[in-house]
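Report on the following structure.
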Amino acid sequence: MPIAMSREEFEDAVGDALDTIPQELLDRLDNVAITVEDEPAPGSAPGLLGLYVGVPLTARDSGYGLGNLPDHIYIFRGPLTRYCRSREELLQQIRVTVLHEIGHHFGISDERLHELGWG
Numbered sequence: 010m011p012i013a014m015s016r017e018e019f020e021d022a023v024g025d026a027l028d029t030i031p032q033e034l035l036d037r038l039d040n041v042a043i044t045v046e047d048e049p050a051p052g053s054a055p056g057l058l059g060l061y062v063g064v065p066l067t068a069r070d071s072g073y074g075l076g077n078l079p080d081h082i083y084i085f086r087g088p089l090t091r092y093c094r095s096r097e098e099l100l101q102q103i104r105v106t107v108l109h110e111i112g113h114h115f116g117i118s119d120e121r122l123h124e125l126g127w128g
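Add 9 to the 1-based position in the sequence shown for the working numbering, that's all there is to it.
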């Protein structure tokens, strides 16, 4: 059974997760938007909790930024509320998911993020 959390509460939890990130890392985020969506797109991998879409900082070259749309981090409310068994677990998993997707923005692979305990 999904954990009950309004969209506003969920968005606040994402904001709280961002507040736990050291400012020097937040300052290095470049041209990225973070959005809460209720569900991933149809056909997405089952159990997808978040998604980074863009060009990681490690792959950008001198031509980046000339007309590029912002990178996007999506945090999926529905899968997260279904994945967790308690409100406390949900808050922790929101934080892990936000950090995991930010890690992709910095060019860190899924394998390395799992080794580090972020996903």
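The C-beta atom is built at its ideal place from N, Cα and C for all residues, glycine as well.
It should be emphasised that the depicted structure is a prediction, and the values quoted were computed from it without experimental measurement.
If you ignore the 5 residues before and after Ala22, its C-beta comes within less than 6 Å of the C-beta of Leu100, Ile103, all in its own chain and listed in chain order. Here Ala26 is buried: its Cβ has 16 or more other Cβ atoms, across all protein chains shown, within 10 Å.
If you draw a 10 Å sphere on the C-beta of Leu35, you find fewer than 16 other C-beta atoms in it, and that means exposed. Checking the DSSP bridge columns, you'll see Glu46 partnered with Phe85.
Contact check for Pro88 and Gly56: beta-carbon distance about 6 Å, within the 8 Å limit, so the pair qualifies.
Assignment of beta-bridge partners to Gly59 by DSSP yields Ile84. Assigned with DSSP and collapsed to three states, Val107 falls in helix. Counting C-beta atoms within 10 angstroms of its own C-beta, Tyr73 has fewer than 16 neighbours from the protein chains shown and is therefore classed as exposed. Beta-bridge partners assigned by DSSP to Val41: Asp80.
Note on His109: 16 or more other CB atoms within 10 angstroms of its CB, so buried under the neighbour-count rule. Asp25 carries a helical assignment under DSSP once its states are collapsed to helix, strand and coil.
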